[in-house]
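Undergrad: Residue numbers (my numbering): 9 to 148. Got a structure here, written out as structure tokens. Questions coming.
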């Protein structure tokens, strides 16, 4: 995933870059681009950019997809498994009439557990792993 932006400041090997929204992002609300004209991101400054430089940023698509899976699909998976297990347990204990209720309760409980798992994962993983990288300086 490649973007272009303007370096606001540099601290050590980390550049703070303002990235302007593309026209294609105007109607999408999947990220902050849908609500603002620009966002500010931190990027590893391997290209030696300085404040005021126009730069190209890159973030590996596999990392973006991995983070999206953990943040969105893992909770959904936990909830679906909880609903299934709740209905199976209700039927196994002779409460088939309440299978939907059991499924809903266990699904919501496992959804809550999944948020804890996502939070713990987020605290454990190195944030630099998901940081964009300044690949080249386009000009001042």
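Even glycine gets a Cβ: it sits at the ideal position worked out from N, Cα and C.
1. Going by beta-carbon coordinates alone, are residue 73 and residue 91 separated by less than 9 Å?
2. Kindly list the residues whose CB is nearer than 8 Å to the CB of residue 17, restricted to its own chain and excluding five residues on each side of it in sequence; keep chain order.
3. Could you give the DSSP three-state label for residue 13: helix, strand or coil?
4. Taking the DSSP output, what are the residues bridged to residue 50?
5. From the DSSP output, in three-state form, read off residue 115 for me.
6. So, at 6 Å on beta carbons, what are the nonlocal neighbours of residue 95 in its own chain, with the 5 sequence-adjacent residues on each side left out?
7. Would you kindly report the start and end of the unbroken beta strand (DSSP E) that includes residue 147?
8. Are there any heavy atoms of the ligand MN lying less than 8 Å away from the beta-carbon of residue 52, as far as the coordinates show?
9. Which term fits residue 15, buried or exposed, when burial requires 16 or more other beta carbons within 10 angstroms of its beta carbon?
10. With 16 other CB atoms within 10 Å as the buried threshold, where does residue 51 fall?
11. Can you list, in chain order, the stretches of the alpha helix (DSSP H) that have 4 or more residues and sit fully within the stretch 60–133?
12. So, at 7 Å on beta carbons, what are the nonlocal neighbours of residue 129 in its own chain, with the 5 sequence-adjacent residues on each side left out?
13. Roughly how many angstroms lie between the CA atoms of residue 57 and residue 45, to the nearest whole one?
TA: According to the structure shown:
1. No.
2. When the five nearest sequence neighbours on each side are left out, the beta carbons in the same chain lying within less than 8 Å of the beta carbon of residue 17 are those of 23, 24 and 59, in order along the chain.
3. Reduced to three states, the DSSP call for residue 13 is strand.
4. Paired residues: 24.
5. Reduced to three states, the DSSP call for residue 115 is helix.
6. Cβ neighbours of residue 95 within its own chain (closer than 6 Å, five residues either side excluded): 107 and 111.
7. Residue 147: member of the beta strand (DSSP E) spanning 140–147, first to last residue.
8. In the structure shown, the ligand MN is absent, as is every other ligand, since no ligand is present at all.
9. Classification of residue 15: buried, given that the 10 Å Cβ count is 16 or more.
10. Residue 51 comes out buried.
11. Within the stretch 60–133, the complete alpha helix (DSSP H) segments at least 4 residues long are 69–76, 82–100 and 107–132, listed from N- to C-terminus.
12. Hits under 7 Å: 78.
13. Using only the alpha carbons, I get a separation of about 23 Å.
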